[in-house]
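Below: one structure, written as structure tokens.
In my numbering, the protein residues as written are 2 to 151.
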């Protein structure tokens, strides 16, 4: 029995379709929906781990990174809320920083999700021929059912 769904969201069209699918299932079964957005620091190669002579980080890229996370999170929150409103369903939204492959599966375990719903490809780099790297990883490593939406 499915009682909790985790939808992976990155703002791409496939992730929007996945969220809509999760909401359709959630509404039909009257179950809890969570959405996760994972911000990947590697998308910002300008960030260094430099330390000043006083031992304090002096990296303007870190300030840009923090501002970008805040702006991107606000956009994701709004988009998820707008989609959820179409279904008149509440969605608990979570933002994480790290490798999306690992964070999605880790968080599914934390909330005890019964189903992960994700798009076949996200907005990251060059898409794989059949399945994106995050969705492919999830299908191979998830301990719960994983639905990949084209």
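A virtual CB, placed ideally from N, CA and C, is assigned to each residue, including glycine.
Bear in mind that the values here come from a model prediction, so they are computed numbers and not experimental data.
For the pair residue 90 and residue 34, the CB atoms are nearer than the 8 Å cut-off. By the C-beta density criterion, residue 77 is buried, having at least 16 other C-beta atoms within 10 angstroms. In this model, residue 61 and residue 42 are separated by some 15 Å (Cα to Cα). Boundaries of the alpha helix (DSSP H) harbouring residue 108: 101 to 111, taken from the DSSP string. Note on geometry: alpha-carbon atoms of residue 93 and residue 36 lie some 6 Å from one another. Listed as beta-bridge partners of residue 146 by DSSP are 116. In this structure, residue 38 places its C-beta atom within 8 Å of the C-beta atom of residue 10. Bounds of any beta strand (DSSP E) do not take in residue 41, whose DSSP letter is neither H nor E. Of the other Cβ atoms in all chains shown, fewer than 16 fall within 10 Å of the Cβ of residue 2; this residue is therefore exposed. Taking the CA atoms as reference points, residue 24 sits about 35 Å from residue 63. Excluding residues up to 5 positions away in sequence, 121 lie with their Cβ nearer than 6 Å to the Cβ of residue 151 in the same chain.
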